[in-house]
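The sequence shown begins at 1 in UniProt numbering and counts up by one. Yeah, the Cβ is synthetic: ideal placement off N, Cα and C, and Gly gets one too. Since the model is a prediction, treat every value here as computed from it, not as a measurement. One structure is given below, encoded as structure tokens.
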Amino acid sequence: MKIHSSLSLLLVTVALIAGCRSKTNEPTPAPKPSPKEQPKKPDEPKPHKPYEGYEGYTLLHDGGQARYHYNEFVEVAVSPHLFLLDRTGKRVGDALADLNKDYEGHKDICETQLSEAGSYIALLAKYDFSESKHASRLLLLDRKSLKIQRNIRIEEPNDDNWVRQSFTLSDGSTYLAFSKRSFYRLTPEDGKLSPITVGGAWEYPLDAASWEDKGYFFRRHDRVALQFSIGSTSSTSIEIVPKGATLVRVYKAGGAYLILRDSSNRYYLFSMKEGRVLARFTLTESAGRSMVYDADTQMIFFAGASPETKERTVYRVTLVKGTPAESIQRLEAKLYYRVSGRTESDSKVGLQMTLGINADLGQLYVSWLDQGRGGPLLHHLSKAVTLPLTTSEDLPVKRLGLYDFHYAADLRDIFLNSSR
């Protein structure tokens, strides 16, 4: 009986060992390969809509000049111009003289203010001498064709003032300041003027500017921007400068940007689109007549102020990325370009300097009054150069091109004709 039990136990043990060995010899199934993660395709940039007509051209706006007699403006001395450079930088004419010949008021208007307004480019002539009563005139040009779509003569209701400041919104509505208390909105379809309410200090308008559907008035000795949007009849105040200081200068810095200067020589980069201050800074060199901002590189270019050598000098500063808007940056100005050739006989060279940027070409434009009536010519001559738009520290830069603009007394705006 014991022998039988021992044999049974031995057989069971052998069977178990054989079973374990057979399982050990079975091939282990290969793990299923995990599916490879496909790399995420980068977001493709949205293609820009192709330019049409005169889009993509560089426009140089000369506001023209009035002739005066004993402090009374009496007639046009120099008519306004809208000079054209094509997409390669070649000069191709004047949008007002060549594309809108003999438009109503063409011999009677001067000192135009320009607004980029959606599909429009608006020119508001401060002076219209076509009749004896004080009047101004609005020209609304189609951005693509540069043909005049609206031509409206403007007289102040119940008074006799010229328009002091103005801006135009993307629907063509134009906001006008005649005096410290006389503000109106003009609708282009019927030329009707409707009174509007403008807050702020009880002072004359310092300046006005707009971008797309938002526009702003600034009053002298004030601290705020007075914002309007399409259809609004009263302003909204946006505080810019701290108490104890006031706004003294408004620079159109290109596109949606303004640079504001206060009475303490602080500067404010202001977005008209967002309605807020993006950066605050001071400069080691005072800014003169013109400042422009390149948003891609955060570089600011500006014309120098007096003494004379600085009036014909362009400086560059760069904002520090990531700096809170509330902090005041101290920016060191670097010499970028200087107009050469100034002597005692042509002491006006470099005056009335204006800057503009063409982002498509990566170029900075600099214009100035080269000769007035005191020079060899019997008419005004303005010049402009193109400079590379560069972050390089190898400064100053050399010019790329040079243009002459005869009968141009006051080039005020240089910009890329694009609503992108």
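Is the beta carbon of R143 sitting closer than 8 Å to the one on Y120?
The count along the sequence shown starts at 1 and reaches residue 143 at position 143. The count along the sequence shown starts at 1 and reaches residue 120 at position 120. In contact: R143 and Y120 (Cβ atoms closer than 8 Å).
For a quick check, are the C-beta atoms of L260 and L247 less than 8 Å apart?
Translated into the one-based positions of the sequence shown, residue 260 becomes position 260. Translated into the one-based positions of the sequence shown, residue 247 becomes position 247. A contact, by the Cβ cut-off of 8 Å.
Go through its chain and collect everything with a Cβ distance to A409's Cβ below 6 Å, but skip five positions before and after it.
Taking the sequence shown and counting its residues from 1, one reaches residue 409 at position 409. The answer, listed in chain order, is Q65, V78, H380.
Within 10 angstroms of its Cβ, does E189 collect 16 or more other Cβ (buried), or is it exposed?
Working through the sequence shown from its first residue, we reach residue 189 at position 189. Per the 10 Å Cβ criterion, exposed.
On a CA-only basis, which of H134, D296, Y268 is nearest A287? Give me that one, please.
On the sequence shown, position 287 is the one that residue 287 refers to. It is Y268 whose Cα lies nearest to the Cα of A287.
Express the C-alpha separation of V320 and S392 in angstroms, rounding to a whole number.
Within the sequence shown, numbered from 1, the residue matching residue 392 stands at position 392. Within the sequence shown, numbered from 1, the residue matching residue 320 stands at position 320. When rounded, the distance between both Cα atoms is 16 Å.
Buried or exposed for R181, please, with buried defined as at least 16 other CB atoms from any protein chain shown within 10 angstroms of its CB.
Within the sequence shown, the letter at position 181 stands for residue 181. Classification for R181: exposed.
Could you pull out every unbroken beta strand (DSSP E) segment of at least 3 residues lying fully inside the stretch 225-293, listed in chain order?
236-239, 247-252, 257-262, 267-271, 276-283
According to DSSP, is K90 part of a helix, a strand, or is it coil?
Along the sequence shown, one-based indexing puts residue 90 at 90. The answer is coil: DSSP assigns K90 none of H, G, I, E or B.
Taking only the alpha-carbon atoms, compute the straight-line gap between E156 and F183 and give it to the nearest angstrom.
By one-based count along the sequence shown, residue 156 stands at place 156. By one-based count along the sequence shown, residue 183 stands at place 183. E156 and F183: Cα-Cα distance of roughly 9 Å.
By Cβ distance below 7 Å, which residues in the same chain neighbour V397 in space, the five residues on each side in sequence not counted?
Within the sequence shown, numbered from 1, the residue matching residue 397 stands at position 397. If we look at V397 and ignore the five residues flanking it on each side, its Cβ neighbours are Y336, Y337, L387, P388, T390.
Whole angstroms is fine: what's the gap from L411's alpha carbon to L114's?
Against the sequence shown, residue 411 aligns to sequence position 411. Against the sequence shown, residue 114 aligns to sequence position 114. Those two C-alpha atoms are separated by around 11 Å.
So, at 6 Å on beta carbons, what are the nonlocal neighbours of H69 in its own chain, with the 5 sequence-adjacent residues on each side left out?
By one-based count along the sequence shown, residue 69 stands at place 69. Contacts found: none.
Would you grab the beta carbon distance between D262 and A279 for me? Rounded to a whole angstrom, and I think it's under 8 Å.
Stepping through the sequence shown from its first residue, residue 262 is reached at position 262. Stepping through the sequence shown from its first residue, residue 279 is reached at position 279. A Cβ-Cβ separation of about 14 Å leaves D262 out of contact with A279 under the 8 Å criterion.
Between V92 and K49, what straight-line distance do the alpha-carbon atoms span, to the nearest angstrom?
Residue numbering aside, residue 92 sits at position 92 when the sequence shown is read from its first letter. Residue numbering aside, residue 49 sits at position 49 when the sequence shown is read from its first letter. Near 23 Å, if we compare the C-alpha coordinates of K49 and V92.
So, are the CB atoms of E285 and Y315 less than 8 Å apart?
By 1-based counting over the sequence shown, the position of residue 285 is 285. By 1-based counting over the sequence shown, the position of residue 315 is 315. Their beta carbons are under 8 Å apart, which means E285 touches Y315 by this criterion.
When DSSP labels each residue in this structure, what does D108 get in the three-state scheme?
Looking up residue 108 in the sequence shown gives position 108. Coil, per DSSP.
G362 to Y216 span [Cα, whole Å]
What you label residue 362 is simply residue 362 of the sequence shown in a count that begins at 1. What you label residue 216 is simply residue 216 of the sequence shown in a count that begins at 1. Roughly 29 Å separates the two Cα atoms.
If you check the beta carbons only, do D94 and L85 fall under 8 Å apart?
Counting from 1 along the sequence shown, the entry for residue 94 is found at position 94. Counting from 1 along the sequence shown, the entry for residue 85 is found at position 85. For D94 and L85, no; Cβs fall outside 8 Å.
Where A305 falls, given that 16 or more other Cβ within 10 Å makes a residue buried:
As a first step, residue 305 must be located in the sequence shown, where it is residue number 305. The residue in question, A305, is exposed, as its Cβ has fewer than 16 Cβ neighbours within 10 Å.
Which same chain residues, not among the five before or five after I152, have their C-beta less than 6 Å away from its C-beta?
Against the sequence shown, residue 152 aligns to sequence position 152. For I152, where only same-chain residues beyond five positions count, the Cβ hits under 6 Å are L138, G191.
Can you give me the Cβ contacts of L402 inside the same chain, cut-off strictly under 7 Å, excluding the 5 residues immediately before and after it?
Within the sequence shown, numbered from 1, the residue matching residue 402 stands at position 402. Cβ neighbours of L402 beyond the five flanking positions: K383, V385.
Between the CA atoms of D159 and G172 - distance to the nearest angstrom:
Here residue 172 refers to the residue found at position 172 when the sequence shown is read from its first residue. Here residue 159 refers to the residue found at position 159 when the sequence shown is read from its first residue. Approximately 24 Å between the Cα atoms of the pair.
Can you tell which of F178, G118, A325 has the C-alpha that lies nearest to the C-alpha of A125?
Locating residue 125 in the sequence shown gives position 125, where the first residue counts as 1. Out of F178, G118, A325, F178 has the C-alpha closest to the C-alpha of A125.
Every unbroken beta strand (DSSP E) inside the stretch 177-220 [3 residues or more]:
Fully enclosed beta strand (DSSP E) runs of 3 or longer: 183-187, 192-195, 205-211, 214-219.
Short of 6 Å in beta carbon distance, which residues of its chain neighbour T313, apart from the five on each side in sequence? Order them along the chain.
Along the sequence shown, read from residue 1 onward, the residue named residue 313 stands at position 313. Counting only Cβ-Cβ distances below 6 Å, and skipping sequence neighbours, we find G304, R338.
Look at the Cβ atom of A253, then the Cβ atom of V224, and state whether they are nearer than 8 Å.
To locate residue 253, count along the sequence shown from 1; it is residue 253. To locate residue 224, count along the sequence shown from 1; it is residue 224. No, these two residues do not count as a Cβ contact at 8 Å.
Please work out which residues of its chain come closer than 6 Å, Cβ to Cβ, to R150, disregarding the five sequence neighbours upstream and downstream, and give them in chain order.
For the purposes of this step, residue 150 is identified with residue 150 of the sequence shown, where counting begins at 1. Contacts found: L140, P188.
Using the Cα positions of W211 and K133, report the straight-line distance between them to the nearest angstrom.
Against the sequence shown, residue 211 aligns to sequence position 211. Against the sequence shown, residue 133 aligns to sequence position 133. Cα to Cα, the separation comes out at about 32 Å.
Same chain, Cβ closer than 7 Å to Y103, five either side skipped, listed in chain order:
Translated into positions along the sequence shown, residue 103 becomes position 103. The beta carbon of Y103 is closer than 7 Å to those of I148, N151 in its chain, skipping five residues each way along the sequence.
Look at the Cβ atom of S418, then the Cβ atom of G118, and state whether they are nearer than 8 Å.
As a first step, residue 418 is located in the sequence shown; it is residue number 418 there, counting from the start. As a first step, residue 118 is located in the sequence shown; it is residue number 118 there, counting from the start. It is not a contact, given that the beta carbons lie outside the stated cut-off.
Assuming K107 and V76 make a contact with CB atoms under 8 Å, what is their CB distance in whole Å?
Counting from one through the sequence shown, the residue named residue 107 turns up at place 107. Counting from one through the sequence shown, the residue named residue 76 turns up at place 76. Contact flag correct, Cβ pair sits at about 7 Å.
Over the uninterrupted alpha helix (DSSP H) stretch that includes D98, give me the two end residues.
The count along the sequence shown starts at 1 and reaches residue 98 at position 98. Residues 95-99.
What I want to know is whether the C-beta of E203 ends up closer than 7 Å to one or more non-hydrogen atoms of the ligand NAP.
With respect to the ligand NAP, the structure offers nothing, as it holds no ligand at all.
Is it buried or exposed for A333, if we count other Cβ within 10 angstroms and need 16 for buried?
Here residue 333 is taken as the residue at index 333 of the sequence shown, counted from 1. When all chains shown are included, A333 counts as buried.
Please list the terminal residues of the continuous beta strand (DSSP E) segment that includes V385.
Position 385 of the sequence shown holds residue 385. Per DSSP, V385 belongs to the beta strand (DSSP E) from 381-388.
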